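First to last, the protein sequences are chains A and B.
Taking this note's numbering, the leading residue of the first sequence gets 1, the next gets one more, and so forth.
Taking this note's numbering, the leading residue of the second sequence gets 1, the next gets one more, and so forth.
Just so you know, even glycine gets a beta-carbon here, dropped at the ideal spot from N, CA and C.
Nothing here was measured: the structure is a model prediction, and the numbers come from that model.
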Amino acid sequence: MTYALLGQDLHEVADASKKWFASQYGATGFVCEQEVMPDLPLKPTWQARMKTGYTLCLNVQPTPFSPTLHEFVNKCAARGLPIKLWVAVGSPQTKDTFGSDLKQARNLGIGVLQIIPGVDPHEFHRAVPLSLFALGKTAPAKVPAARREAIKNAEDTFLDGAPDQGCQAICQELELLTRQFAQLTYASGWWRTPANSKALRARFFTTDSWSTMLETMEARLDVKKVAGKSPQFTKQAVVRARSFTDWRNSVSHKPKTVSELRTRDARLRTMFEATRDLLIDWYVIAKPLGLLA
Amino acid sequence: MTSLPRVGTLADIPVDRIRPNPDNPRLTFRQGELEELQESIRQYGIQVPLAVFKSGADYVLIDGERRWRSASKLNLKEVPALVQTEPTPLSNLLLMFNIHALREQWDLLTIALKLPTVVRLLSKELQRQPKEAEIATKTGLSRSVIRRCRLLMDLPQEHKNQLLAELKKPKSKQELSEDLFIEIEKALRTVIRAMPDLVPDKNKARKALLAKYRTKIIDNIVDFRKVAKIARASTLGVAASITKEAIARILQDPKYSVAQAWQDTAAEAYAEHDIVSRIEALLSRLNNLEAAALDDDTRERLSELVAKVQALLDSDE
C-alpha cells in the first residue's frame with residue numbers, strides 16, 4: 001500500500017493529484033510520506049522535483065489550510081528553502097470554513113488544487129516558492145495609481161516562480177522612469193552643456209545605453225535646479241539607479257543545484273526589494289515634475 | 001484462560017521503527033479525524049502513551065495507530081510507548097477489541113470482519129464453539145452489537161465491499177450505512193420466516209430493497225421495520241393474502257413504496273392494536289388502584305375518559 005499515514009477517504013485525491021503534477025508540471029521522482037528535512041514539521045503526502053528546480057511538496061488533506069502548514073511555511077521561508085507547497089483537497093466537507101481556509105492558504109503562498117471525481121481538477125491559486133515568499137510586499141499606497149498594475153505584475157511574476165523575470169520587470173520600471181526624468185530635465189535646460197559638445201538626440205534618452213545615460217545625467221545635471229522643482233531629489237538617487245544597470249549579469253546563469261537555486265532566490269529577493277524601494281523614492285521625485293500621469 | 005502480556009516499561013520509541021498491527025480490526029481511518037488529532041499533538045504532544053510489542057528490531061502497535069500516524073505525519077522522531085511482551089494471536093485481537101471497541105466508536109463492519117477470527121481462535125482455545133455471552137465477555141462488546149455484527153458478516157462479499165468503500169468516505173458523504181443493511185437483513189429475515197415462498201432468492205430481494213433505497217422510493221431506513229410488520233400483520237387479523245400481495249409488490253414493483261404498502265395493509269390494524277394495548281395497560285393499572293388513593297385531579301381525568309368512551313360507544317350504536 002502506498003499511503004501509510006493518509007486516511008483512506010483521500011487516497012483517490014492523492015493518486016489523482018500526483019498524476020496532475022506529473023502531467024501538468026512535469027514533476028518527477030515522486031516519493032510518498034517522507035520527511036523533507038529532519039527538522040521540518042510535516043511529511044507531505046508527495047514530494048517531487050519540478051522542472052524549474054523547485055521541490056514540490058504536495059499535502060493531501062480535507063481542508064485547504066491547517067495550522068501545521070503555517071508552521072511548515074514559516075520554517076521553510078525563514079531558511080529560504082526552494083520549495084513549492086501545494087495542498088490537494090477533495091469536495092469541501094465543511095463549506096462554512098472552506099473560503100477562509102483558501103484565503104489563509106493564499107496568504108501563505110500555498111497553492112490549492114481541488115480534485116472531485118468526474119470533474120477536471122481545479123487550481124484555486126498556485127504556490128509561491130517559499131524561498132521567495134519572504135519578499136516584503138509592496139504597499140499599494142506608495143505606488144502611484146497609474147503604475148500600480150505594472151508593479152503588481154512584476155511582483156506576481158516574481159512570486160510565481162520566475163524571480164529573474166520579476167526583477168527584470170521592476171528594473172524596467174525604474175529604467176523607464178529615470179529615462180523620462182532625464183528627457184524632461186534635459187528639455188527644461190537643467191543639464192550643464194560642456195563646451196564644444198553637441199546637443200543630445202532623443203534616442204539618447206529612449207534607446208541608447210541606460211548606463212551611459214545615467215552616467216551622463218549624473219555628470220551634467222544641475223541638482224539645484226531640479227531640487228527647486230522636486231525638493232526630494234538628490235544626486236544620490238541617480239547614483240543608486242546606476243548600481244542596478246548591471247543587474248542582468250547577476251541572474252544570467254540558471255541555477256544547477258538546489259543550493260544554487262536557494263542562493264539565487266535569496267539574492268533576487270534582495271534585488272527586487274531594493275529596486276522597488278528605489279523606485280518608490282523615484283516616484284516621490286517624479287511626482288512634482290508631472291511624470292506620473 | 002488466555003494469557004495476557006505483562007505490563008512492561010514506558011519508553012520513547014523511534015517513530016520510524018513502529019509498524020501498524022496487521023490484525024487491527026479497524027480498517028478505515030478518515031483524514032478529518034486524523035487532522036484533529038494531529039493538531040492536538042502538534043500543540044500539546046502525545047499525552048497518552050502508545051502500546052506496542054517488540055517484534056524483531058521493530059515495534060508493532062497494540063494501541064495508538066491514529067497517534068502514530070499523526071506523530072509520523074508531524075515528523076516527530078520519538079513517541080512515548082508502553083512496551084509489552086508479544087501477545088498470542090488471540091490475546092492480540094482481544095486486547096485491541098477491549099482497548100478500542102470500548103473507547104472509540106469503531107465502524108461496525110470492521111468489528112464484524114474480525115469477529116470470525118476471534119470466534120475461530122476462541123473455539124480452538126475452548127475446544128468448542130463459544131457462546132454469544134462468552135464472546136461478549138472476551139471482546140467487551142455487548143450481545144446486541146455481536147448480533148448486529150453477525151448480520152453484516154452474513155452479507156454477500158459484494159455488499160461488504162460496497163460498505164467498505166462507503167466507510168472510506170467522510171461520514172457526511174456516505175450513502176449506504178451499516179444500519180441500512182442491518183435493517184434490510186432484519187426485515188428479510190422476518191419476511192422469509194413468515195412467507196418463505198415469497199423470497200426464493202434472498203440476494204435478489206436484498207438488491208430490490210437496496211435499489212428502492214437508492215432511488216428514494218424508500219427514503220428512511222426505519223421503513224424497513226414496517227416491511228417486517230406487514231409480514232407479521234396476519235397475527236393482527238389482516239388477511240394473509242393482502243399482506244402477501246403487498247410484500248410481493250414491495251419486492252417486485254420498483255415504484256411501490258413501503259409507506260404505501262403500510263397504508264394498504266397494516267396501518268389500521270397496528271393503530272387499533274396500539275390502542276388496545278394501551279387500554280389493556282391502563283386497565284391493568286386501574287385494577288391495582290383503590291378508590292381512596294385517587295386524588296381530585298385523577299378523578300377529574302377519569303371522568304373525562306369515561307365521558308369520551310361513552311360518547312364513542314354511543315355514536316357507534
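Give a yes or no on whether 8 Å exceeds the smallest Cβ distance from residue i to chain A.
| i | result |
| --- | --- |
| S234/B | no |
| Q38/B | yes |
| T28/B | yes |
Start and end of the alpha helix (DSSP H) containing residue i?
| i | result |
| --- | --- |
| V145/B | 143-153 |
| T137/B | 132-139 |
| G7/A | Counting along the chain, G7/A falls outside any alpha helix (DSSP H), and DSSP gives it neither H nor E. |
| Q157/B | 157-167 |
| A141/A | Where A141/A is concerned, there is no enclosing alpha helix (DSSP H), given that its DSSP letter is neither H nor E. |
| N287/B | 267-287 |
| L184/A | 163-187 |
| G335/A | Because chain A in this structure spans residues 1 to 293, residue 335/A falls outside the shown range and cannot be described. |
| K235/A | 235-242 |
| D12/B | Note, D12/B: premise wrong, no alpha helix (DSSP H); beta strand (DSSP E) at 9-14. |
What residue range is occupied by the uninterrupted beta strand (DSSP E) comprising residue i?
| i | result |
| --- | --- |
| E78/B | 78-84 |
| F53/B | 50-55 |
| G111/A | 111-114 |
| W106/B | No beta strand (DSSP E) contains W106/B, which DSSP labels as neither H nor E. |
| Q47/A | 46-49 |
| E123/A | 122-125 |
| Y213/B | Here Y213/B belongs to no beta strand (DSSP E); instead the alpha helix (DSSP H) covers 202-214. |
| I62/B | 58-63 |
| A195/A | Careful: A195/A lies outside any beta strand (DSSP E) and carries neither H nor E. |
What residues in its chain sit with their C-beta under 7 Å from that of residue i, if we drop five residues either side in the sequence?
| i | result |
| --- | --- |
| T2/A | C32 |
| L318/B | Residue 318/B lies beyond the stretch modelled for chain B, which goes from 1 to 317, so this question has no answer here. |
| R249/B | Y256, A261 |
| R192/A | R220, D222 |
| E217/A | Reading the sequence as shown, one finds Met at residue 217/A and not Glu. Excluding positions up to five away in sequence, the list reads A182, V238. |
Cβ closer than 9 Å: which chain B residues qualify as neighbours of residue i?
| i | result |
| --- | --- |
| E35/A | N75 |
| P41/A | R42, L74, N75, L76 |
| P67/A | E39, R42, Q43 |
Skipping 5 residues on each side, what residues in its chain have a beta carbon closer than 6 Å to that of residue i?
| i | result |
| --- | --- |
| R6/B | Model confidence at R6/B stands at a pLDDT of 43, short of 50, so the residue's coordinates are unreliable and nothing is read from them. |
| A16/A | I115 |
| Q129/B | S123 |
| I217/B | S257 |
| L5/A | E33 |
| T365/A | There is simply no residue 365/A to check, as chain A begins at 1 and stops at 293 in what is shown. |
Below 9 Å on C-beta distance, what does residue i contact in chain A?
| i | result |
| --- | --- |
| Q260/B | Ordered by position in chain A, no residue passes the 9 Å Cβ test against Q260/B, which lies about 34 Å from the chain. |
So with Cβ pairs under 8 Å, would you call residue i a contact of chain B?
| i | result |
| --- | --- |
| L298/A | There is no way to answer for residue 298/A, as the model of chain A reaches only from 1 to 293. |
List the residues of chain A whose Cβ lies closer than 7 Å to the Cβ of residue i, in chain order.
| i | result |
| --- | --- |
| L34/B | G7 |
| K168/B | Q8, D9 |
| R69/B | L5 |
What does a CB cutoff of less than 8 Å around residue i pick up in its chain, not counting 5 residues either side in sequence?
| i | result |
| --- | --- |
| V226/A | T185, W190, F233 |
| L278/A | L174, A237, R240, A241, F244 |
| N21/B | V60, L61, I62, E65, N92, M96 |
| T28/A | A22, A48, R49 |
| A71/B | V15, I41, I46, V79 |
| D154/B | E185 |
| R232/B | T190, A194 |
| Q165/A | T157, F158 |
| T263/A | P255 |
| Y25/A | M50, K51, L56 |
Can you give me the C-alpha to C-alpha distance between residue i and residue j, rounded to a whole angstrom?
| i | j | result |
| --- | --- | --- |
| T52/A | A127/A | 13 Å |
| N196/A | P231/A | 31 Å |
| R150/B | P116/B | 9 Å |
| P14/B | K77/B | 6 Å |
| T110/B | R69/B | 19 Å |
| P49/B | P87/B | 18 Å |
| A291/B | Y213/B | 54 Å |
| V87/A | D156/A | 20 Å |
| V258/A | K73/B | 24 Å |
| L132/A | D219/B | 54 Å |
| I221/B | R206/B | 13 Å |
| I170/A | A78/A | 24 Å |
| K138/B | L94/B | 7 Å |
| A146/A | K137/A | 18 Å |
| Q252/B | A57/B | 60 Å |
| Q8/A | I18/B | 20 Å |
| I279/B | L141/B | 38 Å |
Using a cut-off of 8 Å between C-beta atoms, extract the partners of residue i located in chain B.
| i | result |
| --- | --- |
| Q61/A | Q31, E35 |
The ligand SAH heavy atoms versus the CB of residue i: any closer than 7 Å?
| i | result |
| --- | --- |
| L305/B | In the structure on display, the ligand SAH does not appear, and there are no ligands present to speak of. |
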